[in-house]
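> Questions regarding the structure given below will be posed in turn.
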Amino acid sequence: MAATGLVSLLPPARCRVHLIESDEIGIVGVGEATLPQMKSFNDLCGIDEAEMMRATNATFKLGIQFVDWGSLGSSYIHPFGIHGPPGTEHIFHHKWLRASREGLPGQIDDFSFACRAGVANRFDFPPKSSQSIGSSYSYAYHFDASLYGRYLRTIAERRGVRRTEGKVANVETDAESGNIVALRLENGEEIRGDFFIDCSGFRSLLLGQTLDSPWEDWTKWLPCDRALAVPTERAGELTPYTRSTAMEAGWRWRIPLQHRTGNGYVFSSRFIDEDRAAEQLLSALDEPTLAEPRLLKFGAGRRTESWRKNCVALGLSSGFLEPLESTSIYLAQIAIMHFVPLFPERRADPSLAAEFNRRVDLEYDRIRDFLILHYHLNQRDDSELWRYCRSMSVPDSLTEKMELFRHSGFVEKYRDGLFTPPSWLAVYFGQGLRPEHYHPLADAIPAAALMDEMDDLRADIDDRVDAMLKHSTVVERYAGING
Numbered sequence: 182m183a184a185t186g187l188v189s190l191l192p193p194a195r196c197r198v199h200l201i202e203s204d205e206i207g208i209v210g211v212g213e214a215t216l217p218q219m220k221s222f223n224d225l226c227g228i229d230e231a232e233m234m235r236a237t238n239a240t241f242k243l244g245i246q247f248v249d250w251g252s253l254g255s256s257y258i259h260p261f262g263i264h265g266p267p268g269t270e271h272i273f274h275h276k277w278l279r280a281s282r283e284g285l286p287g288q289i290d291d292f293s294f295a296c297r298a299g300v301a302n303r304f305d306f307p308p309k310s311s312q313s314i315g316s317s318y319s320y321a322y323h324f325d326a327s328l329y330g331r332y333l334r335t336i337a338e339r340r341g342v343r344r345t346e347g348k349v350a351n352v353e354t355d356a357e358s359g360n361i362v363a364l365r366l367e368n369g370e371e372i373r374g375d376f377f378i379d380c381s382g383f384r385s386l387l388l389g390q391t392l393d394s395p396w397e398d399w400t401k402w403l404p405c406d407r408a409l410a411v412p413t414e415r416a417g418e419l420t421p422y423t424r425s426t427a428m429e430a431g432w433r434w435r436i437p438l439q440h441r442t443g444n445g446y447v448f449s450s451r452f453i454d455e456d457r458a459a460e461q462l463l464s465a466l467d468e469p470t471l472a473e474p475r476l477l478k479f480g481a482g483r484r485t486e487s488w489r490k491n492c493v494a495l496g497l498s499s500g501f502l503e504p505l506e507s508t509s510i511y512l513a514q515i516a517i518m519h520f521v522p523l524f525p526e527r528r529a530d531p532s533l534a535a536e537f538n539r540r541v542d543l544e545y546d547r548i549r550d551f552l553i554l555h556y557h558l559n560q561r562d563d564s565e566l567w568r569y570c571r572s573m574s575v576p577d578s579l580t581e582k583m584e585l586f587r588h589s590g591f592v593e594k595y596r597d598g599l600f601t602p603p604s605w606l607a608v609y610f611g612q613g614l615r616p617e618h619y620h621p622l623a624d625a626i627p628a629a630a631l632m633d634e635m636d637d638l639r640a641d642i643d644d645r646v647d648a649m650l651k652h653s654t655v656v657e658r659y660a661g662i663n664g
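Numbering (the numbering used here) for the sequence shown: 182 to 664.
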């Protein structure tokens with residue numbers, strides 16, 4: 182992905198990209214779900230959407246369904262879109278709060294086009310008009326991460342990236358500056374360069390082991406440190422959303438692809454052992470398994486510097502946050518997007534590294550807070566994990582956000598960082614947090630008129646959703662692997 186991004190976004194005269202990788206080293210692949218930013222990245226790199234989907238067995242994704250998270254029996258969707266009509270994002274949830282207090286039935290999900298289309302297993306491409314309720318959403322993909330990597334490799338090589346098959350055995354640094362000057366492979370080959378991108382995963386061979394960038398541990402807030410992943414046969418409806426179901430000691434994912442379904446259990450070894458976790462995962466599956474569960478170990482946190490000297494780390498070499506909100510691939514992609522405008526000359530300027538680290542740290546910190554929010558805002562009392570998460574202290578940055586929303590319904594809109602106010606609103610309401618007050622602007626019309634407006638909007642959304650094609654039909658026609 183890094184090679185494809187760099188060769189596609191940087192002028193050929195400015196750099197030559199040399200990719201070193203080994204087919205013997207597999208990818209972590211905990212999640213196969215993405216965010217809408219994936220489409221933006223692919224578009225910038227000139228990647229054909231339908232071709233990519235066929236090559237990766239992809240389906241569309243309108244959001245993430247959370248089951249049993251706020252309380253046992255609860256369910257909500259974090260949609261890739263807003264609640265209410267376009268242009269009303271700042272006030273709609275306040276109007277819904279007032280209407281709810283006036284007796285309006287249902288959830289705020291009822292007024293999200295992406296939510297309603299998702300639960301109906303419908304899909305269509307958003308229209309270009311920004312005024313229609315049908316344009317109030319975006320979409321992402323579910324795909325096979327291994328196939329996506331192979332697909333990008335083909336594109337990168339076609340565009341001029343030189344690829345060397347091999348494993349790095351030693352890293353040579355300059356005795357005076359400490360910069361990396363060369364990599365020596367297991368077969369003895371030496372590869373020299375001016376700048377190095379560390380994509381070595383949890384090993385962080387260049388940034389962590391060689392340049393000694395410290396690790397900042399976040400497991401006190403995000404205690405899950407294991408995952409069991411297992412594929413099953415495809416069966417039933419092809420849902421246009423990822424499902425996350427809270428379990429005794431973590432949560433279980435379900436990701437529908439064209440040829441199979443990805444499943445897994447992210448859990449904390451402090452609260453359950455691996456054998457018991459495997460039993461819980463396998464007993465919860467609806468379809469026959471296609472392989473034995475695969476165990477992955479990790480810890481939440483990030484490097485204090487993702488750019489040090491003449492090396493930038495991407496993805497797992499830089500940090501790790503569990504795939505609860507499908508952020509793993511995003512964090513690698515956004516790092517590429519932050520790196521490109523700061524791309525150095527032969528000599529890396531420390532000011533460039535400082536700005537890159539500021540941007541990447543902000544991305545990680547804000548995603549961290551958003552993930553913690555899911556765990557902390559729970560009313561479950563059925564297991565130790567959920568009791569721990571409900572009572573744990575959280576970062577001050579998150580406490581301030583929650584208190585502001587609890588008092589007034591206000592959600593901060595920041596310039597940099599992934600999750601915008603509609604995402605925070607979805608989780609606040611879905612996890613059971615309601616503001617004590619709504620904004621006075623919601624009182625601008627009489628209660629009866631407000632209720633009529635809400636009823637009309639819900640009916641309009643449902644009528645439009647009913648006119649959409651089934652998700653499986655759109656996938657088959659647009660990018661079916663058997664087409």
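No residue lacks a Cβ here, since even glycine has one placed at the ideal position from N, Cα and C.
What residue from G480, Y318, A427 has the CA that sits closest to S450's CA?
Your numbering for residue 450 matches position 269 in the sequence shown. Measuring from the Cα of S450, the nearest candidate turns out to be G480.
> Pop quiz: L328 and A410 are said to be a contact at Cβ under 8 Å. What is the actual Cβ separation, rounded to whole angstroms?
Translated into positions along the sequence shown, residue 328 becomes position 147. Translated into positions along the sequence shown, residue 410 becomes position 229. Actually they do not touch by this definition, with Cβ atoms about 16 Å apart.
> State yes or no: is the beta carbon of I228 nearer than 7 Å to at least one beta carbon in chain C?
Here chain C cannot be found, since the structure has a single protein chain.
> Apart from the five residues just before and just after R645, which ones in its own chain have a Cβ nearer than 8 Å to its Cβ?
Indexing the sequence shown from 1 puts residue 645 at position 464. So the list reads F294, I314, G315, once near-sequence residues are dropped.
> Let me know if Y595 comes out buried or exposed under the rule of 16 or more other beta-carbons within 10 Å of its beta-carbon.
The residue you call residue 595 lines up with position 414 of the sequence shown. Exposed, since its Cβ has fewer than 16 Cβ neighbours within 10 Å.
> Please classify N368: is it buried, with 16 or more other beta-carbons within 10 angstroms of its beta-carbon, or exposed?
In the sequence shown, the residue the question calls residue 368 occupies position 187. Per the 10 Å Cβ criterion, exposed.
> Specify the secondary structure class of F501 as computed by DSSP and reduced to three states.
By one-based count along the sequence shown, residue 501 stands at place 320. If DSSP states are grouped into helix, strand and coil, F501 belongs with the strands.
> Under the DSSP definition of a beta bridge, which residues are partnered with L631?
Start at 1 with the first residue of the sequence shown, and residue 631 comes out as number 450. Looking at the DSSP assignment, L631 forms no beta bridge with any residue, so it has no partner.
> Roughly how many angstroms lie between the CA atoms of S574 and I553, to the nearest whole one?
Against the sequence shown, residue 574 aligns to sequence position 393. Against the sequence shown, residue 553 aligns to sequence position 372. When rounded, the distance between both Cα atoms is 10 Å.
> Excluding five sequence neighbours on each side, which residues of the same chain lie with their C-beta closer than 7 Å to the C-beta of P525?
Here residue 525 corresponds to residue number 344 of the sequence shown, with the count starting at 1. Excluding residues within five positions, the ones whose Cβ falls inside 7 Å are F376, L533.
> Quick check on G244: does DSSP put it in helix, strand or coil?
The sequence position of residue 244 within the sequence shown is 63, counting from 1. Three-state DSSP puts G244 in a strand.
> Measuring CA to CA, which of V656, E397, I201, W432 is closest to D546?
Reading the sequence shown from its first residue, position 365 is the one you call residue 546. Ranking the options by Cα distance to D546, first place goes to E397.
> Which first and last residues belong to the beta strand (DSSP E) in which D379 is found?
Locating residue 379 in the sequence shown gives position 198, where the first residue counts as 1. Counting along the chain, the beta strand (DSSP E) containing D379 begins and ends at 377 to 379.
> I'd like the list of long-range same chain contacts for R279, defined as Cβ closer than 6 Å, with 5 residues on each side in sequence excluded.
The residue given as residue 279 occupies position 98 in the sequence shown. Here the set comprises Y619, A623.
> With DSSP as the reference, label T269 as helix, strand or coil.
As a working note, residue 269 is residue 88 in the sequence shown. Here T269 sits in coil by DSSP.
> Applying the 10 Å Cβ sphere with the 16-neighbour rule, what's the burial state of H274?
In the sequence shown, residue 274 corresponds to position 93, counting from 1. Buried is the call here.
> Checking the sheet assignment: what are the DSSP bridge partners for H199?
Taking the first residue of the sequence shown as 1, we reach residue 199 at position 18. Beta-bridge pairing links H199 to R343.
> Going by DSSP, what residues sit across from G262 in a beta bridge?
Sequence index remark: in the sequence shown, residue 262 carries index 81 (1-based). Bridge partners of G262: Y318.
> Which same chain residues, not among the five before or five after H519, have their C-beta less than 7 Å away from its C-beta?
Stepping through the sequence shown from its first residue, residue 519 is reached at position 338. Excluding residues within five positions, the ones whose Cβ falls inside 7 Å are F537, R540, V541.
> Taking L392 as the reference, which of I272, C380, E486 has the closest Cα?
Within the sequence shown, residue 392 is the residue found at index 211, counting from 1. The residue with the shortest Cα to Cα distance from L392 is E486.
> Looking at C-alpha atoms only, which residue of K220, D224, W250, C226 is the closest neighbour of K242?
Taking the sequence shown and counting its residues from 1, one reaches residue 242 at position 61. Here the closest residue by C-alpha is K220.
> Please say whether G299 and P474 have beta carbons closer to each other than 7 Å?
In the sequence shown, residue 474 corresponds to position 293, counting from 1. In the sequence shown, residue 299 corresponds to position 118, counting from 1. Taking 7 Å as the Cβ cut-off, P474 and G299 do not qualify as a contacting pair.
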